[in-house]
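According to the numbering used here, the residues represented by the sequence shown are 880 to 998, in order.
Glycine included, every Cβ here is placed at the ideal spot set by N, Cα and C.
These figures come from a predicted structure and were not determined experimentally.
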Amino acid sequence: VVEELPPQLRSVSFAGNEPPSITDYNIFLAGSFAATLLSALPPTIGHVDATSMGDIYDYFEARKSAKLLEEAHSLIATMLADEAKKVQPLVIASSMKDAATARANSLMKRAFVHESKKA
């Protein structure tokens with residue numbers, strides 16, 4: 880099903896040079912569908928039983944947040960494993976100042992910031 884989508888419906892990103900791609904959170908069905916169809920959906924395709932734009936966007940944001948948390952947990956596990964092996968970690972925890980410098984020098988691809996930090 881996903882492979883049959885036209886390229887313009889797959890994903891749109893307005894951040895940097897991130898090319899459009901299908902992710903685990905941006906493909907889902909909205910509205911009422913037969914139970915047989917919903918039970919046959921793979922875990923990567925979600926379903927929200929709503930047609931209001933607000934509910935659909937809230938569902939999208941919840942799926943995106945869950946995916947980003949999963950990615951952050953994976954990166955933290957990688958960082959801790961690297962530290963346990965006494966090798967230079969590819970993932971580091973740093974101050975906002977160090978992170979801003981690394982980002983400005985194109986040394987960092989992605990940053991996860993705790994929700995208590997002000998943007």
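ask   = Quick one: any contact between the segment 916–935 and the segment 950–960, if contact means 3 or more CB pairs under 8 Å?
value = no
message = Spatial neighbours of ILE935 within its chain, please: C-beta separation below 8 Å, excluding the five flanking residues on both sides.
response = Only residues of its own chain outside the window of five on either side were considered, and among them ALA909, VAL927 and ALA929 have a CB closer than 8 Å to the CB of ILE935, listed in chain order.
inquiry  = DSSP three-state label for GLY910, please.
reply    = coil
key: Per DSSP, the bridge partner or partners of GLY925   = PHE907
key: TYR938 versus ALA956: straight-line alpha-carbon distance, rounded   = 27 Å
task = Look at LYS964 and TYR904 and say whether their C-beta atoms are less than 8 Å apart.
result = No, they are not a contact pair.
ask   = Any idea what DSSP makes of ILE1001, helix, strand or coil?
value = Lying outside 880 to 998, the shown extent of the chain, residue 1001 is not represented and no answer is given.
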